[in-house]
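For reference, the structure discussed in these notes is given below.
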Amino acid sequence: MKIPPNFKYIRTYTLDEYYEKANQISLPLIISGGTVAVLMLKNRLIRPEAVIDISQIPELNIVKINKDEVFVGANTKLYKLKDVLPNDSASELIVKSASTVGDIAIRSMGSVGGNVCLGDSSNDLPVALTAIDAQAVIGKKDGITYLPIKNFYIKPFKTVLNKGEILLGVNYKMLNGYRTSYKKHFINFLDHYVGIVAAIAKIEENVIKDFKIAIGGEAVGKPVKFDLSEFSNVDEIKIIKERMFDYVNTMHIENNRFGTANYKKKVLYTLISRAIDEVLKL
Amino acid sequence: MKIKLNINGTDYESDVEPRMLLVDFIRDVAGLKGTHVGCETGSCGSCMVLLDGMPVKSCLMLAVQAEGKKIITVEGLSGKNGLNKVQKALSERKALQCGFCAAGFSIIGTWILDNEENVDYQKVKEDIAGVVCRCSGYDQIIKTITEVAKNE
């Protein structure tokens, strides 16, 4: 029987209350859905002084659409995304990635904020959000800052969030007429994703107008984005794939219990190749 | 910490430690032993309950997080007429063997019946992915839930 260590539990109802409490506590653990956090507590991987529950803060529970910009509050549950996001290509990629998180009982608890803030390289949303150039909306006592998601991570399980700060949500521009692809490779018994690839491309009359790929997963660590818009012809698939394979070859990928570097590179090649085929093949 | 939960229509008020898991509250405070503790990592789904109508794994949730929520456990699925449609079908078609996972499959099957549209084998297969059966295999379970849903 796994029992978490002792901690104080603080439920906050407003952002001001959160800022006050978070600054008072030396080692807080912030939870919204709490699925991964509770698992880490049960395994005693973390021993926070207090758990701060932010699920009741109304500002974090909203999805706002303003002209071509979308704000998704950090508390938005992953299963709800397909119903609350607009019908554009960027949202489609987010929904595709969110729908692959765990199972329905995990997605019904898991939140956008949790998936983004944990910093686990296996998490899905960071890769999709990196591909669409989304921004993290960070709240602190004296204001709000916006930061590209690709700059949000320092290393696995470490984000730029400082004590007393909070991820209010993510912001992105709606994209229309794009093709999207989301691929990942799971090692079941290690409960980890070796590679994750999100691709988004706009093609008009066989001409590539815009093309971005983000890759993540355990092999990569924090998500990395590649802009492939320099290629203009969809017939250049072979060259595009070779360019991506070259990128992967130059990356520092470790041999560890998740596999050899060679194996992980081959997984990435395969996922990238499939994603490119899906968005570029007419 | 005092919390109040509604489980299967009954209010339970108790002073609990913040670290108490929802599954332990259900089993030890409310005394409803139908919700099982299996893997304790959120993989097996034998602790699955409906929380405000959505399936959740009660081993991955603190009891204090469920404050004020409505919970349905496997005991709450059956009504005056006994087992509900999913439970009855799982039993009649011998879809389960040892029964340890029965709570999870009954909960998720009932949720599928109430919430999913155009249910087919593939959809049920995806939806039940969070519940693990280690003896009978999944084919008969998926077929049973699919058939019940199609006959709705």
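Going down the list, the protein sequences come from chains A and B. So the number in our numbering is just where the residue sits in the first sequence, counting from 1, plus 112. So the number in our numbering is just where the residue sits in the second sequence, counting from 1, plus 64. We put the CB at the ideal spot given by N, CA and C, even for glycine.
Indicate whether at least one CB of chain A lies closer than 8 Å to the CB of residue i.
| i | result |
| --- | --- |
| Leu96(B) | no |
| Val128(B) | yes |
| Ala193(B) | yes |
Residues of chain A with CB closer than 8 Å to the CB of residue i, please, in chain order.
| i | result |
| --- | --- |
| Gly109(B) | Asp215, Ala217 |
| Val120(B) | Ala217, Ser220, Met221 |
| Leu63(B) | The shown model of chain B, from 65 to 216, leaves out residue 63(B), and the question about it has no answer. |
Of the choices the options, whose alpha-carbon is the least far from that of residue i?
| i | options | result |
| --- | --- | --- |
| Leu340(A) | Lys334(A), Lys324(A), Ile349(A), Glu330(A) | Lys324(A) |
| Ile206(B) | Asp75(B), Arg157(B), Asn179(B) | Arg157(B) |
| Ile327(A) | Asp358(A), Val282(A), Lys275(A), Leu380(A) | Leu380(A) |
| Ile250(A) | Asn263(A), Ile244(A), Ala240(A) | Asn263(A) |
| Lys314(A) | Thr382(A), Ile244(A), Leu279(A), Lys253(A) | Ile244(A) |
| Asp128(A) | Leu280(A), Ile216(A), Thr271(A) | Leu280(A) |
| Val113(B) | Cys103(B), Ile71(B), Phe164(B), Lys152(B) | Ile71(B) |
| Asn134(A) | Glu277(A), Glu204(A), Tyr290(A), Asn361(A) | One point to set straight first is that residue 134(A) is Ala, not Asn, in the sequence displayed. Checking every option, the nearest Cα to that of Ala134(A) belongs to Glu277(A). |
| Ile349(A) | Asn374(A), Tyr130(A), Ser385(A) | Ser385(A) |
| Glu190(B) | Thr212(A), Val239(A), Ile312(A), Asp254(A) | Thr212(A) |
| Val196(B) | Cys108(B), Lys152(B), Gly163(B) | Cys108(B) |
| Val150(B) | Ile176(B), Glu131(B), Asp116(B), Cys199(B) | Ile176(B) |
| Lys337(A) | Pro170(A), Ile122(A), Ala202(A), Val239(A) | Val239(A) |
| Gln161(B) | Asp75(B), Lys214(B), Cys199(B), Leu85(B) | Cys199(B) |
| Lys353(A) | Tyr125(A), Leu287(A), Val391(A) | Val391(A) |
| Arg159(A) | Ile67(B), Tyr202(B), Arg83(B), Asp178(B) | Arg83(B) |
| Val212(B) | Tyr202(B), Asp203(B), Val183(B) | Val183(B) |
| Lys296(A) | Lys192(A), Tyr305(A), Asn288(A), Arg123(A) | Tyr305(A) |
| Asp254(A) | Lys194(A), Tyr131(A), Tyr121(A), Thr362(A) | Tyr131(A) |
| Gln168(A) | Thr124(A), Asp195(A), Ser209(A), Asn318(A) | Thr124(A) |
| Ser90(B) | Cys111(B), Ile172(B), Val188(B) | Reading the sequence as shown, one finds Ile at residue 90(B) and not Ser. Of the candidates Cys111(B), Ile172(B), Val188(B), the one whose C-alpha sits nearest the C-alpha of Ile90(B) is Cys111(B). |
| Ala248(A) | Gly289(A), Val207(A), Phe183(A) | Phe183(A) |
| Gly117(B) | Met125(B), Thr105(B), Ala127(B), Ile135(B) | Ile135(B) |
Run through chain B and tell me which residues come within less than 7 Å of residue i, C-beta to C-beta.
| i | result |
| --- | --- |
| Pro116(A) | Arg83 |
| Phe119(A) | Pro82, Arg83 |
Beta-carbon of residue i versus every beta-carbon of chain B: anything under 8 Å?
| i | result |
| --- | --- |
| Lys257(A) | For the sequence presented, residue 257(A) should be read as Thr rather than Lys. No, its Cβ sits nowhere closer than 8 Å to a Cβ of chain B. |
| Lys337(A) | no |
| Lys179(A) | no |
| Lys208(A) | no |
| Lys267(A) | no |
| Lys154(A) | yes |
Show which residues of chain B have a CB atom less than 8 Å away from the CB atom of residue i.
| i | result |
| --- | --- |
| Lys321(A) | None at all; the shortest Cβ gap to chain B is about 34 Å. |
| Phe370(A) | Going along chain B, no residue has its Cβ under 8 Å from Phe370(A), so there is no contact; the nearest lies around 18 Å. |
| Val163(A) | Pro82, Leu126 |
Check whether the Cβ atoms of residue i and residue j sit closer than 8 Å, and answer yes or no.
| i | j | result |
| --- | --- | --- |
| Leu190(A) | Asn235(A) | no |
| Met113(A) | Val120(B) | no |
| Gln129(B) | Asp165(A) | yes |
| Tyr265(A) | Thr271(A) | yes |
| Leu153(A) | Pro117(A) | yes |
| Ala186(A) | Phe119(A) | no |
| Pro335(A) | Thr188(A) | no |
| Lys267(A) | Ala331(A) | no |
| Lys383(A) | Gly333(A) | The identity of residue 383(A) in the sequence shown is Leu, whereas the question assumes Lys. The answer is no: Cβ separation not under 8 Å. |
| Val208(B) | Leu147(B) | The sequence as given places Thr at residue 208(B); Val does not occur at that position. Contact: no. |
| Leu205(A) | Ala310(A) | yes |
| Lys275(A) | Glu181(A) | no |
| Ile320(A) | Asn345(A) | yes |
| Ser56(B) | Leu141(B) | Given that chain B is displayed from residue 65 to residue 216, the structure contains no residue 56(B) and the question cannot be resolved. |
| Thr99(B) | Thr137(B) | yes |
| Val148(A) | Leu230(A) | yes |
Mind listing the chain A neighbours of residue i? Cutoff is C-beta to C-beta under 7 Å, in chain order.
| i | result |
| --- | --- |
| Gly106(B) | Thr147, Leu151, Ile218 |
| Leu177(B) | None at all; the shortest Cβ gap to chain A is about 14 Å. |
Contiguous alpha helix (DSSP H) assignments of at least 4 residues, all confined to the segment 221-250 of chain A: 224-229, 237-243
Report the residue ranges of all beta strand (DSSP E) runs contained in full by the segment 135-188 of chain A; include only those spanning at least 3 residues, in chain order. 140-143, 162-165, 175-178, 181-185
Contiguous beta strand (DSSP E) assignments of at least 3 residues, all confined to the segment 329-380 of chain A: 336-339
Of all the beta strand (DSSP E) runs that stay within the bounds of the segment 125-168 of chain B, which reach a length of 3 or more residues? 134-136
If we require 3 or more residues per run, which beta strand (DSSP E) segments fall completely within the segment 65-126 of chain B? 66-71, 74-79, 112-115, 118-121
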